[in-house]
Every structure is written in C-alpha cells, then in structure tokens.
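Remarks on the structure that follows.
Protein chains: 2
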Amino acid sequence: MDKKSEHFFNCPLPYENPGIISIAHGGGGKKSRELIEKVFIPAFGNEYLEKMHDGAVVPIPGRRAALTTDSYVIDPHFFPGGDIGSLSIHGTVNDILMCGAEPLYISLAFIIEEGFDFNSLAKICVSIKEAADNAGVKIVTGDTKVVEKGKCDKIFINTTGLGAIRPGINISADNITAGDKIIITGSIGDHTAAVLSAREKFNFESDITSDSAPLTKLILPLIDNCGRIKMMRDPTRGGLSSVLNEIVTDKTFGISIEEKSVPVKQQVNAIFEILGLDPFYAANEGKAVIFVSSASADKALEILKQNKNGKDAAIIGEVTENHPGKVVLHTQYGTNRILDMLSGEQLPRIC
Amino acid sequence: MDKKSEHFFNCPLPYENPGIISIAHGGGGKKSRELIEKVFIPAFGNEYLEKMHDGAVVPIPGRRAALTTDSYVIDPHFFPGGDIGSLSIHGTVNDILMCGAEPLYISLAFIIEEGFDFNSLAKICVSIKEAADNAGVKIVTGDTKVVEKGKCDKIFINTTGLGAIRPGINISADNITAGDKIIITGSIGDHTAAVLSAREKFNFESDITSDSAPLTKLILPLIDNCGRIKMMRDPTRGGLSSVLNEIVTDKTFGISIEEKSVPVKQQVNAIFEILGLDPFYAANEGKAVIFVSSASADKALEILKQNKNGKDAAIIGEVTENHPGKVVLHTQYGTNRILDMLSGEQLPRIC
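This is how it looks when you write it as structure tokens:
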C-alpha cells in the first residue's frame, strides 16, 4: 500500500473482507453507505457532497452553463503520468474549458467489477481528489454500481462536468474565417505513447509520460486576457487530425498545417515509428487546439507560454479559402498531403 | 425490427456490417461521427446537441442548479414496462426532482460491448427519446465508448441530469420535525417484480410491469402548490426501508410506518413471497417518499392523486419523538418490528 492511500485505512473498514469490492457495495444498503461514508466522503468531502442527497444543489454564477460528459475505460488503469482517476477529471475539466466555461462541479460515477481490489480503488480516489483540487473543481455527487465478475473490466468511471460560461464568450466553429491562426498548446502524442508503454504486450522502455493535465490555469487566463477566442477543442480520441476535420467538414474554408511547426517529442516519434502509428491521430489529454484571429495570435501565444502546460505552444497553421472542407498538411519534405479523419480502428481504450 | 426503430434505417448506414457495433464506433474518428450523425442526432436532436462540441452550452434559469448522476447496468436490458434506455432517463429525472428542481438537461454516456447489435441500440435510443420528451428534458451532450468483447455486459448507460431549483425550495432531512407525515406516491416493489419476471432463470408468468416513469408532472405541481415540502427521496436501490433509514440515521427523531397503509400489489406480494423477498427492500423507479407537515398532508395527497403516477398515493406513517434514529413498522398483525437498512447482498443489477 502506498502512503497516499494509507489514510483511508486509518478508519477501520468493517467489511468481512476489506480487500475487495463486493456486489453489496453497489446495492444501496449498508455496504453502499459504508463505502460512501468511509471512502468517498473522506476523499472528496465538501459542503455539497456531504448532504448525501439524490443529487447536489449547487450555486451557478451567470445564466449560461456548460455541461459535458465522458466515460473512462482506459486500459491499463495506471500509466506513466496518471491513472484512470486523474484522467477522468482532466478529460472532463478540459471539455468544460473548451466551451469557454470555468469548471466548477463534477459528478462521479463508478462501475466496478465484483472482486476489484480496495487498495486500487483508494489510490484512484486519492488521484481523483488531487486532480480535482488542481483543476479547481468539486466532486458534488456520485454513484456506484457493482457488476458480477466478468461483466466489466475492473473499473469504468463516468464524470460529468458543469461549468459557468464566461460572460461574452462564444466558442464556435461558425466564428472561424480565412486568415485565422491555429495554435496547439504543446507536443502531440504523449498520452498515447505513455499508455502504450504501460501495456504489457508492448515490450519497450521509455520515460515518456502522459500529458494528462487540467488546463484550467492555461485556458481561463487566455479567455480573460486575449480578446476573442474563436474556437477551441482538445485533441483527445482521434487526435489533432480528427479535431481539425470535425471543425472543417462542410465549411467554406480549409485548414493548412505546417508539419515542421507541430511539436512532437523525439521519443514519442520513435515509439510511433516502431509501431507504425501517426502522431496526428494519437490521443492527447492535456492539449488544446485554438483558433484566433491573425491579429491576436502573438498575444495568445504569449499568454499560453506563461503556463507550464503551454510553454511549447506554437502556431501550426492557418485557415484558408483554398481547399474548403479539407485539412492539408505541408510536410517537412515540401510535399502536401490531405489529413483525413481517423478511419477504421484506432487503438482501443486509450482514454 | 420493430416499427419504432425502423426510421433509423431509412438513412442507409454505410457500415461494412451494419448489424453490430465495432471498436471503431468509439474511436473518435469517422465511425464515431457516423454513429452521432446517423443515429444520435436523428434520435435526440435539439439546438444544443447539434452543435457537436465537446460539451453543451445551456441557459440556466435561476442561481441554483441540481446535478445528479446514475449509471444503469440493469439485467436484462428489456423488461416489462421499460428498458435500460427509458430507465436511464426516469431514474435521473426523478433524482433531479427529489432535489426540488425542474429537470432540464441530460448528458448521455454509453459504454458498449463490441458486437452489440445495432437494432437493440436503435430501440434503446427510441426509448430514451420518448422518455426524455415525457419527462420534459433534452439530451444535450453525450459520449460513446466501445470496449472489447467480454469487457462489459452488452451496454451500460450513464445519465447525468441538470435542473433548476425552484425558487424558495429547500429539500433537506434537516427540515423534518416530529409530527410530520410521510407519504408514498404509490405501490412498492413493482419494478423489482417486473425485472425478476424478465430474468430467464425465474420461470414464472405475471402481468406486473415496472413502475419506471418520470415524475415531472407529479412532483412539480406538488412543489408549486402545496406550500413547504420538507424532504423527498425516491426509493430505488435498497427500497423504501433504506431510504427511510438514510433519512433517520443519527437524527433526534424516529419514523413510524403502518404496514397496512403501504400499497403493495397482490401479484407483487405473491412473487415476493415465492422468492422470499421483502417489498420494503425492493427497488422502485417511479415512486417518491415525501415528508410534509401534518397540516399540509391532505393538500399534498389531493395534488398527488390528480396525476396517474400518484393515484394510489397514501400517508404511510409519521415522524415521532420515540425511538430516535430508528424506523419502526407497525405490522398488520399488531406487532412492531424495526425496519433496518438493507444488509448484505440485494438482487444485483436491478437498475
């Protein structure tokens, strides 16, 4: 047992078998309540969660909210730079930010396989709490279901996030016009490379860690100080290429990307070359793609670079009247190729 | 294929195998987008969902919101009176209502097993849409993950609900005082009995259907017209007994329940007797337990009985200064027994 999860076991857990989760922990009775009182409340406790009602009653500043949901089924649950717990906070917090909103509240729902070990659950809870604190959000309500052995893969987590839209903000692909600059906030592919390195069947060593991080302190200052941000997306599943394609599809503009401007770590590139993967389709969990007017691009970069999660931010391309509906990559060899949306199977369960 | 799901197949689905869900449907690329564009948008489409951003930007009336989450892992997925789709709306909508809020928005997250049949997904989506319309909520954002065959049990659904707290409302166990009346809005145990009858291993016939229903039109008029509602909970997992125990634990008051006043259908009782189950611990999905002052009880009953989901509403007991922290049942035989919280295993995957 590691130090961080030790404090959960200072309060004695009166289970017949304290080591594993049983069906009764999801049954709505005494054991469910024990799990809530002895683990979840000590881990996440705040004035909203502690009411232990069917839901949380929370104050909302302003008249517009952002609501976003994601389930996390990543395999393995622990990987260099994070785990399913921290990822389930970072991913959802970043989706709220991409709406132009300040992340405030998170709902947390576990689906756990009967027999899952308690120590892993405790570690995941510690990780969730740390991530939530770093991201500036509170876990205000939750749910736990336990299914029979073999009916899920250890643990799945759903988080849903609620945020308050910053006044005057309107993030939409409809804002984009030719000439706009496209910024990526850092290197691509780190998350995929880190998760692959944690999978047993890939037998390689690397010190690549996932970029999984909450972008609260990167994005809120940008929104507040850079004037008009036109569009933002985080390039998770499907990668940079899929996000750009989602934005450009059916539009009257096209997107041009300079390959040499897109930051990719050497080690990540090496792993991807060995495995025959393309970093443009790899998942990221602590990056944003940002569309700003040409006039605001330098200011945006300056603000982003002040935060550790934006120190490698770069302008990687621009919006063009040419090739409407398409993303064209100008390769470092001087050729052009169309970056299409991810087709067919990607690496499953990367998030 | 039934009539209701036929319309999904009027737009041709360009899958190599249109009959099943593949890993790529959760990959974030072309197939994910197809699933969204050809199934989810036609099924649930509204002005918020159609933005297809990372999250939904929604207007919030008022300054307080209710946030509530539940995952649905019910087995089997289709049962008399509902399915996992309608249940995932009703359960979450009712939790919002129990906070004293008007349900407005739902986030919808699927975890699907590779190979799940498309027709079942379409049927579930039709059911979700109908339930959402009946409940007065919009599906505004969502997520789909697909895991490898054998890594989940066909389909799990998480819904998170967002509602606007009615002005002046404060639903809390702290409001409860001795003398308050306790109302149940209808018969207990119907959902559990219906789900058991759908499980193949129980070989009995019955025409019992689940009570799964949205309580929007039952509860909002009550909140708006009955004066002060002190506390509400829906007796789902763990049943009526567990809900009453959650309310009374560590309190200075006790709860007395008259067994003969608690509505249980004859057929439900018969099934429970055969299986050795107790209706007080059975899950309900369209019922509420309501605490009101003695002076407001008749008015509350009158309002509830005007709605089909409240026609069998009854005062089943009261709050007492006796036996603080305990729920005592006055049985129909004139004896008293303590109704404890559900202990040990209940029927798994009832919701």
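If you read the protein sequences in the order shown, they are chains P and L. If you read the first sequence in this note's numbering, its first letter stands for residue -12, the second for the next number, and so on. If you read the second sequence in this note's numbering, its first letter stands for residue -12, the second for the next number, and so on. Glycine included, every Cβ here is placed at the ideal spot set by N, Cα and C.
- Neighbours of C86/L across chain P, judged by C-beta separation under 9 Å: H40, D41, G42, A43, V44.
- Listed as beta-bridge partners of N145/P by DSSP are S58/P, A96/P.
- At least 7 Å separates the CB of S243/P from every CB of chain L.
- Contact between the segment 211 to 224 of chain P and the segment 262 to 279 of chain P is established, with three or more Cβ pairs separated by less than 8 Å.
- Apart from sequence neighbours up to five positions away, the residues of its chain that approach S228/P with a beta-carbon distance below 6 Å are F267, Y268, L326, ordered along the chain.
- The Cβ atoms of D57/L and G78/L sit closer than 7 Å to each other.
- Against V60/P, the close residues of chain L are G13, I98, K132, V133, V134, K138, C139, in the order they occur along the chain (beta-carbon pairs closer than 9 Å).
- Along the segment 178 to 228 of chain L, the beta strand (DSSP E) occurs as fully enclosed runs of 3 or more residues at 216 to 220, listed in sequence order.
- Listed along chain L are G42, A43, V45, Y92, S94, V127, T128, L149, each with a C-beta nearer than 7 Å to that of L54/P.
- Pairing I115/L with P48/L, the inter-Cα distance amounts to about 25 Å.
- Taken through DSSP and simplified to helix, strand or coil, A122/L comes out as helix.
- By the C-beta density criterion, K247/L is exposed, having fewer than 16 other C-beta atoms within 10 angstroms.
- In this structure, the CA atom of R215/L is about 25 Å from the CA atom of Y92/L.
- By the criterion of at least three beta-carbon pairs nearer than 8 Å, the segment 90 to 110 of chain L is in contact with the segment 124 to 140 of chain L.
- For D82/L, a Cβ of chain P is located within less than 7 Å of the residue's own Cβ.
- Secondary structure at D161/L: helix, using DSSP grouped into helix, strand and coil.
- Think of a sphere of 9 Å around the beta carbon of T239/L: no beta carbon from chain P falls inside it, the nearest being about 18 Å out.
- The Cβ-Cβ distance between C338/L and R224/L falls below 7 Å.
- N271/P and S197/P have their alpha carbons spaced roughly 8 Å apart.
- The way I'd put it, the segment 51 to 65 of chain L does touch the segment 35 to 55 of chain P; three or more beta-carbon pairs between them come closer than 8 Å.
- I23/P sits in a helix when the DSSP states are folded into three classes.
- Within a 10 Å sphere around the beta-carbon of K138/L sit 16 or more other beta-carbons, which makes this residue buried.
- Neighbourhood of T223/P in chain L, by CB distance below 8 Å: G15, in chain order.
- Chain-ordered, the chain P residues with CB closer than 9 Å to the CB of R51/L read V44, V45, P46, I47.
- For F103/L against I7/L, the beta-carbon gap comes to about 7 Å, under 8 Å, which counts as contact.
- With fewer than 16 other CB atoms across the displayed protein chains lying within 10 angstroms of its CB, F189/L is exposed.
- Within the same chain, Cβ atoms closer than 6 Å to the Cβ of K141/L are found at E100, F103, the five residues on either side in sequence being excluded.
- In the three-state scheme derived from DSSP, where H, G and I count as helix and E and B as strand, C112/P is classed as helix.
- The beta carbon of G176/P sits no closer than 7 Å to any beta carbon of chain L.
- With fewer than 16 other CB atoms across the displayed protein chains lying within 10 angstroms of its CB, P46/P is exposed.
- With a contact defined as Cβ atoms closer than 8 Å, I170/L and A300/L qualify at about 6 Å.
- CA-CA distance, Q253/P to E34/L, rounds to 43 Å.
- Under DSSP, R51/P shares a beta bridge with P46/L.
- Rounded to whole angstroms, the gap between the alpha carbons of A200/L and N323/P is 56 Å.
- Between the alpha carbons of G321/P and N232/P lies a distance of about 22 Å.
- Interface flag for F191/L against chain P is unset, since no Cβ pair is found closer than 7 Å.
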